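Beneath this line is the structure, given in structure tokens, with notes to follow.
Now the structure itself:
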């Protein structure tokens, strides 16, 4: 190479360097040239946290990553995000990237959790009439027995024989005491104490049948013929009952407070009192009449009333939240009420939002709603199938049919959102969803 050629080559390299250096510096600083508008724009970042971690991340149909992480230097505009993993439902959203900002693909959830597709449920037992799932603790009634299973640790349930025909688990206190009833005979009621493996026949104290509830300290309350009683125990057996108040239509306990609705000359009214219930205070009056009602009190002592398929929020008066109620569930660990009514599924947490938030709307009937906020999904029964509904309201909703039922009775989800317990006919099943 001649001396002149060498100089020209060096000069060319210098020109390229001087030309590209500012562009490289701008790119590193997060600036990119927008050829459509002929100007430099500040780029954005899409942060993606996923479970399982090995899932593929696509942006506008192009594979960008094969694990959780940040996708940097994105021009501000909308992108189609898709997350795929074999054996799982595909998750997708159309998200807008803004200049100089980090956009989290998982929204308010800790991660984007993919739900398993075409999972095959494992059979736990047959001849089951009802179950109660509290996180990983599963109690269920099978033919002539009550059984317990820790779904995270055990493979075989522990069974306890029962002398009476019982088909409903009506209550549970700390997985130690369970209220068992017969839906066909309301006078039959049994209390099972798992700590000593003994049963108490409550029908001896309440021959006409009663509605039983535990208060947060474990006291057992019973509403019989509009009379509210405290059940007294001696040597782990129900020994007697103490009358607390009369003309009660519904009740609930929260902390040391008892809430109840009584019929007064001016109509139904909501009262509160503390043990031993010698003084009472009125909270709201002019409440609706109802045949069947239940009081719900959350951790902030906000009060709700279900009255003949109508849901009310009670302050100093009643405010109607929903009609044609088809199902509700209070997720105590999330302090959130989820309810289905007239084809809508909504959640209500007054601290997070002053009014109910819409999860989904459909022309089909939704029942048995359940909410697992930490994984970003609500669950419900729709046309005898279990559906998972994404809580992320950006763009379209990710909705999956995760179980097709034959004679679906009910289901429950553990707190981690990993397992679903299903009662289909008389078969009790376990379905792993992530």
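Residue numbers (this note's numbering): 787 to 1220.
Glycine is no exception: its CB is placed at the ideal position from the N, C-alpha and C atoms.
Computed from a predicted model, the values in this text were never measured in an experiment.
- Residue 871 carries a coil assignment under DSSP once its states are collapsed to helix, strand and coil.
- Residue range 931-936 is occupied by the beta strand (DSSP E) that includes residue 931.
- Taking the Cα positions, residue 951 is about 32 Å away from residue 1124.
- If you look at residue 946, you'll find it in the beta strand (DSSP E) that goes 944-947.
- With a 10 Å radius around the Cβ and a threshold of 16 neighbouring Cβ atoms, residue 908 comes out exposed.
- Beta-bridge annotation (DSSP): residue 1125 is paired with 1114, 1132.
- Straight-line spacing of the CA atoms in residue 890 and residue 861 works out to 16 Å.
- Residues of the same chain with a CB within less than 8 Å of the CB of residue 881, apart from the 5 flanking positions on each side, are 832, 864, 865, 867, 889, 891, 1180, 1181 in chain order.
- The continuous beta strand (DSSP E) containing residue 1091 extends over residues 1089-1093.
- With fewer than 16 other beta carbons inside 10 angstroms of its own, residue 1053 counts as exposed.
- The beta-carbon separation of residue 1198 and residue 948, rounded to 22 Å, does not stay under the 8 Å limit for a contact.
- Assignment of residue 1086 by DSSP, reduced to helix, strand and coil, places it in the coil class.
- Note that the segment 915-934 does not touch the segment 897-907; fewer than 3 beta-carbon pairs, one per stretch, sit closer than 8 Å.
- Secondary structure at residue 1161: helix, using DSSP grouped into helix, strand and coil.
- Out of 1203, 1212, 1210, 1048, the CA that lies nearest to the CA of residue 937 is found in 1203.
- Within the segment 1011-1063, the beta strand (DSSP E) runs of at least 3 residues that lie entirely inside it are, in chain order, 1013-1020, 1023-1031, 1034-1040, 1043-1050, 1053-1060.
- Within 10 angstroms of the beta-carbon of residue 1086 lie fewer than 16 other beta-carbons, which makes it exposed.
- In this structure, the beta-carbon distance from residue 1164 to residue 1214 does not fall below 8 Å.
- Rounded to the nearest angstrom, the Cβ distance from residue 1020 to residue 1007 is 17 Å, too far for a contact under 8 Å.
- For residue 1201, the three-state secondary structure derived from DSSP is coil.
- Only residues of its own chain outside the window of five on either side were considered, and among them 842, 876 have a CB closer than 6 Å to the CB of residue 870, listed in chain order.
- Looking at the DSSP output, residue 896 shares a beta bridge with no other residue.
- Residue 1149 has no beta-bridge partner at all, per DSSP.
- Close CB contacts of residue 1116 within its chain, under the 6 Å cut and outside five residues either way in sequence, are with 1082, 1123 (chain order).
- Here residue 1041 is exposed, its C-beta having fewer than 16 other C-beta atoms within 10 Å.
- Taking residue 1184 as reference, the option from 1191, 1192, 1174, 1157 with the minimal CA-CA separation is 1174.
- Straight through space, the alpha carbons of residue 1104 and residue 1147 are spaced by roughly 25 Å.
- If you compare the alpha carbons of 1002, 878, 996, 1079 with that of residue 1013, the shortest gap goes to 996.
- Listed as beta-bridge partners of residue 909 by DSSP are 1215.
- If you compare the alpha carbons of 1011, 1009, 1005, 1068 with that of residue 1018, the shortest gap goes to 1005.
- Excluding its 5 nearest sequence neighbours in each direction, residue 926 has C-beta neighbours in its own chain below 6 Å: 914, 917, 933, 1214, listed in chain order.
- Cα atoms of residue 1193 and residue 1149: separation of roughly 21 Å, rounded to the nearest angstrom.
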